[in-house]
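Asks: So the numbering used here is basically just the index in the sequence shown, starting at one, shifted up by 48.
Glycine is no exception: its CB is placed at the ideal position from the N, C-alpha and C atoms.
Structure in structure tokens, see below.
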Amino acid sequence: MMGVMEKLLSEERDEGRLEGRQEGKTDTLVQLVCEGILTISDAAARLSMSEEQFRRLMDERK
Numbered sequence: 049m050m051g052v053m054e055k056l057l058s059e060e061r062d063e064g065r066l067e068g069r070q071e072g073k074t075d076t077l078v079q080l081v082c083e084g085i086l087t088i089s090d091a092a093a094r095l096s097m098s099e100e101q102f103r104r105l106m107d108e109r110k
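As structure tokens, this is what we get:
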């Protein structure tokens with residue numbers, strides 16, 4: 049029984065790490081766009097989303 053719990057906890061930890069990395073990447077791209085280093089088009093492409101989706105994301109994070 050303990051093996052199952054350990055596996056579930058490990059999977060949850062891995063999912064949390066992946067989610068954290070994705071949020072960090074998104075925050076970095078938003079910051080680069082705000083600083084004029086990267087275009088909205090380039091940032092959106094790096095996140096596989098439309099420019100409109102990226103604009104909404106930027107609005108949420110401000």
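When burial is assigned at 16 or more other CB atoms within 10 Å of the CB, is Leu-77 buried or exposed?
Replies: By the 10 Å Cβ count, Leu-77 comes out buried.
Asks: Closest by CA to Arg-104, which one among Thr-74, Leu-86, Glu-83 and Gly-84?
Replies: Minimum Cα distance to Arg-104 is reached at Thr-74.
Asks: Can you tell me whether Ala-92 is buried or exposed, with buried defined as 16 or more other CB within 10 angstroms of its CB?
Replies: Ala-92 comes out buried.
Asks: Could you say which of Gln-101, Arg-65 and Met-106 lies nearest to Leu-124 if we only look at CA atoms?
Replies: Residue 124 is absent from the model: the chain starts at 49 and stops at 110.
Asks: For Arg-94, I'd like the list of residues in its chain whose CB is within less than 7 Å of its CB, leaving aside the five on either flank, ordered along the chain.
Replies: Here the set comprises Leu-77.
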